[in-house]
Each structure stands twice: as C-alpha cells, then as structure tokens.
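Asker: Here the sequence shown stands for residues 7 to 287, numbered as in this note's numbering. Each residue gets a CB set at the ideal place from its N, CA and C atoms; glycine is no exception. Keep in mind that this is a model prediction, so the values were computed, not measured.
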Amino acid sequence: MQINPIIEKDLKTKMRGWKAPTLITFYLGFLGFLIWVFFIDNIYSAYNYFDPRLMTDVFKTIASFQFGLIVLITPVLTATAISGEKERQTLDLLLCTDYSTFKIVIGKIVVSIAHVLLLITASLPILSTVFLFGGIGIIDMLRLFAFYLVTALLIASLGMLFSTIFRRSPVSIIVTYIMVLGLLYGTLILHGLYLILYQNFTGQMPQAPLYWVLYTSPAFGFASVIGTDGGGIISVFLTGTAYGRVAAFGQISPWIINTAFSIVVSILIIIFCAWKIKPVK
7 MQINPIIEKD LKTKMRGWKA PTLITFYLGF LGFLIWVFFI DNIYSAYNYF
57 DPRLMTDVFK TIASFQFGLI VLITPVLTAT AISGEKERQT LDLLLCTDYS
107 TFKIVIGKIV VSIAHVLLLI TASLPILSTV FLFGGIGIID MLRLFAFYLV
157 TALLIASLGM LFSTIFRRSP VSIIVTYIMV LGLLYGTLIL HGLYLILYQN
207 FTGQMPQAPL YWVLYTSPAF GFASVIGTDG GGIISVFLTG TAYGRVAAFG
257 QISPWIINTA FSIVVSILII IFCAWKIKPV K
C-alpha cells in the first residue's frame, strides 16, 4: 500500500533532528514529575493503608492533562495547514500535482496531529503504571486513547476548515480556538443557562433538558470516558464533569454518542475542505 506522499515527506521533515526527541523527553519527564508529586502528597496516608482510588485519581489527572494538550496544541498545528500554503504562494503548485484535493487534506490533517498523537502514545507506559495497583484496566486505557484520537481528528478538521476559508493564518488560528472552546464549554454553559432560566420561569426543572447539546461537547464525552462524577473546580473546568453522569439515551454512554458525532462531523468537514480548495477549471 502506497503511503500518502504528503504524509511521508512532511513526517520525515518534522521528525528529523533534535526537536522531536527533545519534546518527547521533556513531556515524559513532566508527566513523571506529576506522578511523583501526586505520590509525595499522599505518602503519609499510604503508610497506614492503600486506597486503590489513589491510582484512579492519578489516571484521571494525567488523562485530563493530555486532553488539555490536545485542545491547546492541535488548533495551532492544523489552522495553518492550507492558509500557510496560501501565504507562501505554494498552494497552486501543490494543486498542480497529481494528488487529489482529498489526499492533500487528509495528508495535512495527519501530519498536523502527528506530534500530538506521538506524545500521547509515548506517554502510555507512564500512564499504564496504574495497572500495578489496580482500579484501571486495559480496556479503559484503549477507550481513552480511541477517544483522544477521535477528538484530535475533530479539532484538526475544524482547524483545516478555517484554514481553507481564511487566507491569513492568525485569523484561522483565532477562529479555530473560538470554535473549539465554544464546542467544548459553550455547549455546557448553554445547557446550564437553559436549566437556570427554565427553573426561574416555571419553578421546576425541565422534563426534557437539552441533552443533545451536551452530547456534542468533547469535554462532556471525556468526562464520561474517565468515569468522573465531579470533584473540584479544576476537574469541572477541564472536563465538564458537572454533567458527567447524565444519561439521556438510555444505556448508551455519552462518550459513544460524542464519538459518533465527532466522526460524522469530521468526515463532512474533510469532504467540504477537499471541495473548497479544488481549483476552478
């Protein structure tokens, strides 16, 4: 099977040299430092007894940090994919090749999120240390990694969308961040305001809240993946865990619905981007 030439070329260019190994080293060192601080903070209570929930908290802490990494880094990497080509005036040259616009878009997305996925994959051995103490299984780890992948694809697709619409990279980056933050936490805020206003006007909670709004938020889906049911303002801010236990579709977990939503939206955006950059004949 032939590898996408854009992926092959750009990955070789980005992974050569000292930057990629240095980035991985510092990232893994920081995660190791987080775990060390967590254990030091709980070492005195561990002398008397060991609570398996401690390792679950470690897992959730690292998982939340990685989720934040995806949200913060992916837009910068993808929102300049096409607009950067426009600024360098190399997009026309790229379109003159035998590559289809669909292959160009896919290649740019894969290359843009490669660094993020590399960091997450490299951190799996550190994250898997929780297996030694129980509380987290291999299925939980695989489910989390799959959700990371789908979320990164959604955010990368949004970055690609605005990169094809706008000609200037700073504009596409800013709009992408606004859209991503709106999708992550704007939906949670919208649902919260709806509940407050409904209760103020009627004196009771709504019988059918806007759950469909919540299920479009990757933050809400992430809270479902790690099984969070609250715990601290930081946890709520990172994951939207104030709504993590809501189940509006029977026995279907929120993260499954959010994953399906993210995949469908990503496919539609990729198709639109491929059509948008197609040269006019």
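Report the rounded CA-to-CA distance for Gly-35 versus Leu-29, giving the unit in angstroms.
Answerer: The straight-line gap from Cα to Cα measures roughly 10 Å.
Asker: Measuring only the C-alpha atoms, how far is Ile-275 from Leu-167?
Answerer: 6 Å
Asker: According to DSSP, simplified to helix, strand and coil, what is Asp-104?
Answerer: coil
Asker: Can you check which of these residues, Cys-279, Phe-44 and Val-136, is closest to Ser-163 by C-alpha distance?
Answerer: Cys-279
Asker: Evaluate Leu-150 with the Cβ neighbour count: other Cβ atoms within 10 Å of its Cβ, from every protein chain shown; 16 or more gives buried, anything less gives exposed.
Answerer: buried
Asker: Take Ser-89 and list the residues in its own chain whose beta-carbon comes closer than 7 Å to its own, dropping the five residues that flank it on each side.
Answerer: If we look at Ser-89 and ignore the five residues flanking it on each side, its Cβ neighbours are Ser-169, Phe-172, Arg-173, Arg-174, Ser-175 and Ser-178.
Asker: Using a Cβ-Cβ cut-off of 6 Å (strictly less than) and excluding sequence neighbours within five positions of Phe-45, which residues of its own chain qualify?
Answerer: none
Asker: Are there three or more Cβ pairs, one per stretch, closer than 8 Å when the segment 182-189 is compared with the segment 74-92?
Answerer: yes
Asker: Verify whether the separation of the beta carbon atoms of Ile-119 and Ala-69 is less than 8 Å.
Answerer: no
Asker: Roughly how many angstroms lie between the CA atoms of Phe-153 and Ile-132, to the nearest whole one?
Answerer: Approximately 18 Å, taken between the alpha carbons.
Asker: For Lys-109 versus Asn-10, is the C-beta spacing smaller than 8 Å?
Answerer: yes
Asker: Helix or strand or just coil, what does DSSP make of Thr-247?
Answerer: A caution first: Thr-247 carries a pLDDT of 42, below 50, which makes its placement in the model too unreliable to give a value.
Asker: Could you say if the segment 226-233 and the segment 202-210 meet the contact criterion of at least three C-beta pairs nearer than 8 Å?
Answerer: no
Asker: From Ile-76, Ile-41, Leu-75 and Gln-72, pick the residue whose C-alpha is nearest to that of Leu-60; which is it?
Answerer: When only C-alpha atoms are compared, the closest one is Ile-41.
Asker: I'd like the list of long-range same chain contacts for Ile-13, defined as Cβ closer than 7 Å, with 5 residues on each side in sequence excluded.
Answerer: Excluding residues within five positions, the ones whose Cβ falls inside 7 Å are Gly-113, Val-116 and Val-117.
Asker: Over the uninterrupted alpha helix (DSSP H) stretch that includes Leu-190, give me the two end residues.
Answerer: Premise fails: Leu-190 is in no alpha helix (DSSP H) and is neither H nor E.
Asker: How about Val-156 and Ser-259: do their beta carbons lie closer than 8 Å?
Answerer: The answer is no: Cβ separation not under 8 Å.
Asker: Please state if the CB of Val-271 and the CB of Ile-160 are separated by a distance shorter than 8 Å.
Answerer: Correcting the residue type first, residue 160 is Leu in the shown sequence and not Ile. Taking 8 Å as the Cβ cut-off, Leu-160 and Val-271 qualify as a contacting pair.
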